[in-house]
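Just so you know, the sequence shown maps onto residues 4 to 151 in our numbering. In this text, a Cβ means the ideal position worked out from N, Cα and C, and glycines have one as well. Beneath this line is the structure, given in structure tokens, with notes to follow.
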Amino acid sequence: MEVTLTRNYNPYSTMNFNVNYIAIFLQSVYTKIKNRLEVLKMVKTTELLKSLVPITQFNRGQASRIFDRLHTEPQLIVLKNNQPSAVILSPMEYERLAEIEVEYNLLMEASRRLAQSADKPTYSFSEVLSEFDISEQDLKAAEDVEFE
């Protein structure tokens, strides 16, 4: 993306100033985003390379050291014949992914229920509160309950 600016413009002209200012701003934003994406690509590639573990390291008695890496890395990719053959997750990463799965399933269930009840009447939050004679302060003061 290239921006050309008018050389002899009236600095007191609002139109010239706005167009040139916006063009300069957009050019700088575009350049920053492009540079940031390049950095992110390099970081992702570097992280991926660091997470590769040849299966021969397990055969050489280095399993303990490999598993210790999971304290600082979310996952490791085990290579067999230079091809990924397994992924080892840290307990924290496993829990994070399991929570995402549960939340996704709940979202799908809620979406299904909304689709099934699309033709039924709905009630606003304030209507429900007034129906049951509850204030927002009552809700804030109430104890949190967790459903399983």
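Item, Value
"By the three-class DSSP mapping on this structure, what secondary structure does I137 have?", "coil"
"Using a 10 Å radius around the Cβ and a threshold of 16 neighbouring Cβ atoms, would you call V32 buried or exposed?", "exposed"
"From the DSSP output, read off the bridge partner residues of Q86.", "K83"
"In the DSSP assignment, find the beta strand (DSSP E) that holds L55 and state where it starts and stops.", "L55 to P57"
"Using the three-state DSSP reduction, which class does L73 fall into: helix, strand or coil?", "coil"
"When the distance is taken between beta carbons, is I91 closer than 9 Å to L55?", "no"
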